[in-house]
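K.L.:
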Amino acid sequence: MEAWLDSLLTLLALPQYGLSTLFFAAFVSATLVPVGSEPILFGLLRLNPDMFWSAIAVATVGNTLGGAVDWWMGYGAHKVADKYSNSRHHVRVLGWLERLGPKACLLSWLPLVGDPLCAVAGWLKLPFWPCVFYMAIGKFARYVTMTVALLYIWPTH
Numbered sequence: 174m175e176a177w178l179d180s181l182l183t184l185l186a187l188p189q190y191g192l193s194t195l196f197f198a199a200f201v202s203a204t205l206v207p208v209g210s211e212p213i214l215f216g217l218l219r220l221n222p223d224m225f226w227s228a229i230a231v232a233t234v235g236n237t238l239g240g241a242v243d244w245w246m247g248y249g250a251h252k253v254a255d256k257y258s259n260s261r262h263h264v265r266v267l268g269w270l271e272r273l274g275p276k277a278c279l280l281s282w283l284p285l286v287g288d289p290l291c292a293v294a295g296w297l298k299l300p301f302w303p304c305v306f307y308m309a310i311g312k313f314a315r316y317v318t319m320t321v322a323l324l325y326i327w328p329t330h
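Read in order, the letters of the sequence shown correspond to residues 174 to 330 in the numbering used here.
1. How about Tyr325 and Cys278: are their beta carbons less than 8 Å apart?
2. Go through its chain and collect everything with a Cβ distance to His166's Cβ below 6 Å, but skip five positions before and after it.
3. So does the segment 267-281 actually touch the segment 305-320, counting three or more Cβ pairs closer than 8 Å?
4. Under the rule that 16 or more other beta-carbon atoms within 10 Å means buried, what is Lys298, buried or exposed?
5. So, using beta-carbon positions, are Ser323 and Val293 closer together than 8 Å?
6. Should Arg265 be labelled buried (16 or more other beta-carbon atoms within 10 Å of its own) or exposed?
7. Compare the C-alpha of Leu285 against each of Leu195, Val208 and Ala198 and name the closest.
8. In whole angstroms, give me the CA-to-CA distance for Gly268 and Asp288.
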């Protein structure tokens, strides 16, 4: 197992596979797996500052596609979650999300709640493409904000 993990990490090592590594990390971090893609984005930009916008775009696309997977997971889990539908907290949160609709996916960038929010949007059967659109906006804003802040704190030169 350890040899397999070492070979995977070697394959994904920066900078040789920088954008593909970033895409993979951003995708996985948007699913319910607790992995952060910001350190990889920051490391890639420290090594290649001229790749700022392409790295932001790749991270945004990967993270948005991961959010879309969350949406589909939530959509598929709808029947399983019906047994919890009587909880007062559950009803209140669902009412809030139904009122906001796909715009609630703007909050998909939030730590801890953003990725499950995408799954709940699918569970509620909110329209897929508007949800993906708002996910992309939120995730793009997060990557730009976090990257600019990190590069300001630790400049490249």
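No residue lacks a Cβ here, since even glycine has one placed at the ideal position from N, Cα and C.
P.N.:
This is what the structure holds:
1. In the sequence shown, residue 325 corresponds to position 152, counting from 1. In the sequence shown, residue 278 corresponds to position 105, counting from 1. No; because the gap between Cβ atoms is not below 8 Å, this pair is not in contact.
2. This structure leaves residue 166 out entirely; the chain is present only between 174 and 330.
3. Proximity of the segment 267-281 to the segment 305-320 meets the contact definition, three or more beta-carbon pairs being nearer than 8 Å.
4. Locating residue 298 in the sequence shown gives position 125, counting from the first residue. Result: exposed.
5. In the sequence shown, the residue the question calls residue 323 occupies position 150. In the sequence shown, the residue the question calls residue 293 occupies position 120. The question names Ser, yet the displayed sequence has Leu at residue 323. No, these two residues do not count as a Cβ contact at 8 Å.
6. For the purposes of this step, residue 265 is taken as the residue at position 92 of the sequence shown. It is exposed - the Cβ of Arg265 has fewer than 16 other Cβ atoms within 10 Å.
7. On the sequence shown, position 112 is the one that residue 285 refers to. Ranking the options by Cα distance to Leu285, first place goes to Val208.
8. Here residue 268 refers to the residue found at position 95 when the sequence shown is read from its first residue. Here residue 288 refers to the residue found at position 115 when the sequence shown is read from its first residue. Taking the straight line joining both Cα atoms gives about 19 Å.
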